[in-house]
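Numbering (this note's numbering), first residue to last: 7 to 398.
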């Protein structure tokens, strides 16, 4: 009990320091801090690379090439910062990284083009209205559609390997936004049909009766038969990997935005209920890396899952009645305030220049464990931006 108290009490104190702030002031403080902090991260990011994570123990930065699935989050985060602060130095760095990323709009070997190209170029086009950025999104959306298989009725995630034949992961729901947006903004209408079919197949096969999600469904590409229901980054095949649940929540909320298909809205609400009613959800709303992780309550938390959840709850709140909206927004605010506290948000110059501490990549592979991650920062700022735009 003393060990748990030593962890919980400082966390509650840290949260209480930001609890008294208005959301308007909190958002201002976080974006202004992000602008300063990301200039530090920039200093440790080579011109032709993208930041990935930082290991405080070794004072070591890890970067990636433009092919890495996270490559779009850094320029996307910079663009959110620029949108709020109007700092042209931040914008110039974003543009430099967009130029590094742009040639990957024809990369056929990944299902993550939505993460890579829409979180970056999607925000760039929304903010700057440069038709070049729209062209990149068009190309990337059409490239992604090539991974769709009509027999499986889903977009293939990874290539065939020794473990899987035709794997589709829940993360793939996040890449459908780019297809729908492009279809509704002058692109091929078939792109949205692919997205909807993929979402329907995922709804049918990825979810359990309690609306928790498997991580990986493996299919027979010849007839669409389900071969395996597995995990890759979760605690075990039947567990609820927390970031996977957040991907599903966000993905079906987005699909409702584009289609107004109530089945997608109901799916998002069911996933939200699984998350919010889960007996293993901590009071501060930062989930353990898996809702069934061994060692709870001493298991590691995942700030990245929390950030995705906060952003998704804020959008979901726009599509439900007033009572439900109040609940979802309150949950999002609780997450935002926790992430903004010193327990999770770095101080200036700390954490390698990243904003959030305590994210988890893949514990089964001992990869990116309890470190900062670019997508945690991205969805944290997205949540702040959404609250400012929709609820202030």
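Ideal Cβ placement from N, Cα and C applies to all residues, glycine included.
Asked, Found
"In chain order, what are the residue ranges of uninterrupted beta strand (DSSP E) at least 3 long that sit wholly in the segment 12-85?", "56-61, 66-70"
"I need the straight-line Cα distance from residue 40 to residue 234, nearest angstrom please.", "42 Å"
"Between the segment 374-382 and the segment 302-315, are three or more C-beta pairs nearer than 8 Å?", "yes"
"I'd like to know if the segment 137-150 and the segment 211-221 are in contact, where contact means that at least 3 CB-CB pairs between them fall below 8 Å.", "no"
"Measure the alpha-carbon distance for residue 397 versus residue 120 and round it to whole angstroms.", "27 Å"
"Expressed to the nearest angstrom, what Euclidean distance is found between the alpha-carbon atoms of residue 274 and residue 254?", "7 Å"
"What are the complete alpha helix (DSSP H) segments, minimum 4 residues, inside the segment 165-198?", "182-189"
"Name, in chain order, the residues that DSSP records as bridge partners for residue 235.", "223"
"Going by the CB atoms, is the gap between residue 43 and residue 379 shorter than 8 Å?", "no"
"Taking Cβ positions, are residue 184 and residue 128 nearer each other than 8 Å?", "yes"
"Taking the alpha carbon of residue 270 as the reference point, which residue from 137, 280, 259, 278 has its own alpha carbon closest?", "259"
"Leaving out the 5 sequence neighbours to the left and right, which residues in its chain are closer than 7 Å to residue 70 when beta-carbon positions are compared?", "55, 56, 58, 76, 77"
"Please list, in chain order, all residues of the same chain as residue 92 whose beta carbon is under 7 Å from its beta carbon, the five residues on each side excluded.", "none"
"Around the C-beta of residue 280, are 16 or more other C-beta atoms found within 10 angstroms, so that it is buried, or is it exposed?", "buried"
"Under DSSP, the beta strand (DSSP E) around residue 367 begins and ends at which residues?", "365-368"
"Please go through the segment 316-352 and give each complete alpha helix (DSSP H) segment of 4 or more residues, from N-terminal end onward.", "328-346"
"From the DSSP secondary-structure annotation, give me the bridge partner or partners of residue 373.", "368"
"Note down the Cα distance separating residue 79 from residue 302, rounded to an integer number of angstroms.", "30 Å"
"Could you tell me which of 311, 282, 143, 100 sits nearest to residue 364, measuring between CA atoms?", "311"
"With distances taken from CA atoms, which of 392, 356, 370, 386 is nearest residue 46?", "356"
"Can you look up residue 362 in the DSSP assignment and give me helix, strand or coil?", "strand"
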